[in-house]
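What follows is a set of notes on a single structure, which appears directly below.
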Amino acid sequence: MSDHDHGPAKGLLRWVTTTNHKDLGSLYLWFAFIMFFVGGFMALIIRAELFEPGMQFVDPQFFNSMTTMHALIMIFGAVMPAFVGLSNWLIPMMIGAPDMALPRLNNWGFWILPFAFAMLLSTLFMDGGAPAGGWTMYAPLVLQTGDAFPFVIFAIHLMGISSIMGSINVVATILNMRAPGMSLMKMPLFVWTWLITAYLLIATMPVLAGAVTMLLMDKFFGTSFFSAAGGGDPVLYQHIFWFFGHPEVYILILPAFGIVSMIIPTFARKPLFGYASMVYATASIAFLSFIVWAHHMFTVGMPLSGELFFMFSTMLIAVPTGVKVFNWMATMWRGAMTFETPMLFAIGFLVMFTLGGFSGVMMAITPVDFQYHDTYFIVAHFHYVLVPGAVFSIIAAVYYWLPKWTGYMYNETLGKWHFWLSAISVNITFFPMHFVGLAAMPRRYADYAVQYADFNAIASVGAFIFGFSQLLFLYIVIKTVWFSKQESKATDQVWEGAEGLEWEELTSPPAYHSFTVPPVVK
Amino acid sequence: MEQRQQLAEADHIKVQVSAGKMVLVVIAMFAFGFALVPLYDVICDITGLNGKTGVIDASQAGDDDRFTPDTTRDVGVNFVTSVNEFAPIEFRAEMPSMDIHPGGVYEAKFIARNKSDQFLIGQAVPSVSPREASLYFNKVECFCFENQPFEAGEEKVMPVKFIVDKELPERYKSIVLSYTFFNVSDKAK
């Protein structure tokens, strides 16, 4: 077995040709980190413009490009690749596999991404500007995009192909590569949530690919899928898009549920409460995600029976989600809790994600959604579930597993600073948006009426604090990865309460090829 | 060692089988996206969404008891016209509304004029509201069934013949028939 215990190859080309799950995990995570700052920079342009009413810095077309690109980059460039990176790093180590099942596919899946985003970002410099019709790309508005249009469509095709390849790999790994004794119901919850997420991706990404292909055909090949003049219907686009789009929002949150379910038991020093119910709740959420899509479009003029169906099915999602939230609380109940940075972010996730969930239930109610539709209330809702939701979980995961990956502890004091700055500023940013939203401030406009000025100024201040706080995160990560001193060496178990194969069976950092001989799980 | 290799080979086949299955799912879901297009049309036909109206064959009209006017009932039909963005067309109904009896065949006229100095092809897209009533609104003949060519500056009077079904529920006292005119010169064959 000694012939396999070599380290990585030398030189830059290593990163291009690597098929090692740890290398690719790092590549995905760094890519996501860069995109997080690119998308964040766009968010700050948006908030700078909205600091005061009237037009200050950018023209409305560019403003709309910023909202559109910010969303596309954060969703497809930051959050999704970050989760895929975590899955690459962790799934083999958690189930006792030597690597992912399809390593070369894994390499390809990653290296498509830089090209996809180079294409997407290049649209900023094109005639007619970057896409400005919103990330949902509703026809017919999106068909007015200039030269950028085909580039956006093909960039989305590439991102979709990348996600599909990543997902096929995850499912093939989990189903075939588990160590002896690692039955499905013994898998760590992060593995479970990723298995279900991967199925969601495999089922919905092709539908998005189909929808944008239809847009492309309408624009260039004279078809009329979404053109009323030719017998099509623009509302059809919204149905197809949200058939993808709603499962997509769970793709962005289910792995976060998995992460939090790993972190909370460690720092509460108690096993996860209700493991089996967590698995079933995740599966129910995934199933329900396919039958609720039209709650994004209550105002298009659906039959009453349709509005009622989508209202009730949407509210039903609160049940499995509630099961999860209560399980996490029960895990912490009477636990010997400590509050290291990963735990702080996990608890921050729990509190603020639940808050976002509540506003979600509010807008599930069809009649009141007519008031909330396309206002800042919606913006507040999905930022609460995505920033202190998905993004906090990713940050928590990085703090939690970074000592395992690198062999060194990060600076705990700075980590705590990072948490408190982020947690406070994220609320300063997004909480006021509830108020302006209820007062009917519409989303996706570069300007607003003066009565919204105060809350918008507050939100902008919060956004800048949040944005710059993330530079602290970057500093902490760089320092831990490359500039750690010998005295900050992490133990193999890293955290006192950590359980699972990656903590108990592997060194910190793990060997380049770990689990070449599968462990036996009792 | 050999046993391990055999195991690895078995694993390899298992992996390829599951990957193959998932590729099939991906292809099926891509097709499903496109299948949603006709599926949506079917749902619109059933529910009357999208302003889809019932269509009665012209030959059917008249020789069925359903198509004798029910003179005890009056229903107002209102006409709304609009022109899609940038189309150089002037478009109006001859009369803004008419009172009809369900079951009778009526004709309304719409007038459109090409305001530009170029040939264009127009297409009217109908919509009926309230949506629940649209299923009972039957067009026997309509200018909206076909593309309408216009010479530069040409004005046309275009008829629509319709029957409102006698089974229209009592609560509907008036129906709106609206048309949007599109310039489809670059799409028409």
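As they're listed, the protein sequences go chains B and U. With the numbering used here, you'll find the first sequence wraps up at 522, consecutive numbering, no jumps. With the numbering used here, you'll find the second sequence wraps up at 711, consecutive numbering, no jumps. Glycine included, every Cβ here is placed at the ideal spot set by N, Cα and C.
Exercise for review: Please check if any C-beta of chain B sits within less than 8 Å of the C-beta of GLN645(U).
Suggested key: yes
Check your understanding: If you measure beta-carbon to beta-carbon, which residues of the stretch 199-211 of chain B are closer than 9 Å to chain U?
Key -> TYR199, ILE202, ALA203, THR204, MET205, PRO206, VAL207, LEU208, ALA209, GLY210, ALA211
Review point. DSSP state of PRO432(B), grouped into three classes?
Key: helix
Point to revise | Among PRO140(B), GLN493(B), ASN20(B), the one whose alpha carbon lies nearest that of GLN238(B) | key: PRO140(B)
Review point. Considering only C-alpha positions, which residue in the set LEU50(B), HIS70(B), PRO114(B) is nearest to TRP30(B)?
Key: PRO114(B)
Point to revise | Three-state secondary structure assigned by DSSP to ALA511(B) | key: coil
Review point. Among the residues of its own chain, which have a CB less than 7 Å from the CB of PRO150(B), if the five just before and after it don't count?
Key: Hits under 7 Å: LEU216.
Check your understanding: Whose Cβ in chain B lies nearer than 9 Å to the Cβ of VAL698(U)?
Key -> Ordered by position in chain B, no residue passes the 9 Å Cβ test against VAL698(U), which lies about 13 Å from the chain.
**Study point:** Rounded separation between MET441(B) and PRO691(U) - CA only
**Key:** For MET441(B) and PRO691(U), the distance between alpha carbons rounds to 40 Å.
Check your understanding: Do you know offhand how far PHE370(B)'s Cα is from PRO652(U)'s?
Key -> 19 Å
Practice item. Measure how close the beta-carbons of LYS695(U) and GLY598(U) come, nearest whole angstrom, since I'm counting them as under 8 Å. Key: 7 Å
**Study point:** Rounded distance between the beta-carbons of GLY389(B) and ALA256(B), thought under 8 Å
**Key:** 6 Å
Practice item. Spell out whether any CB of chain B is found under 8 Å from the CB atom of VAL548(U). Key: yes
**Study point:** With 16 other Cβ atoms within 10 Å as the buried cut-off, status of THR593(U)
**Key:** exposed
Practice item. Enumerate, from N- to C-terminal direction, the unbroken beta strand (DSSP E) stretches of 3 or more residues contained entirely within the stretch 37-94 of chain B. Key: As far as the stretch 37-94 of chain B is concerned, it has no whole beta strand (DSSP E) run of at least 3 residues.
Practice item. Quick one: using the 10 Å Cβ neighbour count with 16 as the cut-off for buried, is ILE164(B) buried or exposed? Key: buried
Exercise for review: Please report how far the alpha carbon of ILE549(U) lies from the alpha carbon of GLY128(B), in whole angstroms.
Suggested key: 34 Å
Practice item. Mind checking which residues open and close the beta strand (DSSP E) that includes GLN645(U)? Key: 642-651
Exercise for review: Assign THR702(U) to buried or exposed, taking buried as 16 or more other Cβ atoms, counted over all protein chains shown, within 10 Å of its Cβ.
Suggested key: buried
Point to revise | Straight-line gap, MET80(B) to PRO234(B) (C-alpha atoms, nearest Å) | key: 28 Å
Point to revise | Selected residue, minimal CA-CA separation from PHE377(B), among GLY360(B), LEU72(B), LEU474(B), LEU236(B) | key: Ranking GLY360(B), LEU72(B), LEU474(B), LEU236(B) by CA distance to the CA of PHE377(B) puts GLY360(B) first.
Review point. Which two residues bound the contiguous alpha helix (DSSP H) that contains ARG14(B)?
Key: 13-17
Check your understanding: Just to confirm, are VAL212(B) and ILE253(B) a CB contact at a threshold of 8 Å?
Key -> no
Check your understanding: Based on Cα-Cα distance, which residue from SER422(B), MET332(B), TRP89(B) lies nearest to ALA511(B)?
Key -> When SER422(B), MET332(B), TRP89(B) are compared, the shortest CA-CA separation from ALA511(B) is found for TRP89(B).
**Study point:** Option nearest ALA457(B) by Cα separation, candidates TYR475(B), PHE435(B), PHE473(B), LEU472(B)
**Key:** Out of TYR475(B), PHE435(B), PHE473(B), LEU472(B), PHE435(B) has the C-alpha closest to the C-alpha of ALA457(B).
Review point. Do we get a CB-CB distance below 8 Å when we pair ASN20(B) with the residues of chain U?
Key: no
Practice item. Counting only the same chain and skipping the five closest in sequence on each side, list residues whose C-beta sits under 7 Å from that of ARG595(U). Key: HIS623, PRO624
Practice item. Please name the residue in PHE117(B), TRP135(B), PRO247(B), GLY258(B) whose C-alpha comes closest to that of ILE91(B). Key: The residue from PHE117(B), TRP135(B), PRO247(B), GLY258(B) with its alpha-carbon nearest to that of ILE91(B) is GLY258(B).
Review point. Any C-beta of chain B sitting closer than 8 Å to the C-beta of LYS518(U)?
Key: Only positions 523 to 711 of chain U appear in this structure, which leaves residue 518(U) out of reach.
Review point. Any beta-carbon of chain B closer than 8 Å to the one on ASP533(U)?
Key: yes
Check your understanding: At a Cβ threshold of 8 Å, is SER2(B) touching chain U?
Key -> Confidence at SER2(B) is low in this model, with a pLDDT of 43, below 50, so its placement is unreliable and no value can be given for it.
Point to revise | chain B contacts made by the stretch 551-570 of chain U, where a contact means CB separation under 7 Å | key: The stretch 551-570 of chain U vs chain B, Cβ under 7 Å: MET551, PHE552, PHE554, GLY555, PHE556, LEU558, VAL559, TYR562, THR569.
Practice item. For VAL637(U), I'd like the list of residues in its chain whose CB is within less than 8 Å of its CB, leaving aside the five on either flank, ordered along the chain. Key: Per the sequence shown, the amino acid found at residue 637(U) is Lys instead of Val. Taken in chain order, the residues that qualify are PRO610, ILE611, GLU612, GLY675.
Review point. Residue range of the alpha helix (DSSP H) that ILE264(B) falls in?
Key: 254-268
Review point. How many Å lie between PHE225(B) and MET66(B) at the Cα?
Key: 28 Å
Exercise for review: Could you check what DSSP says for LYS10(B) in three-state terms: helix, strand or coil?
Suggested key: Reduced to three states, the DSSP call for LYS10(B) is coil.
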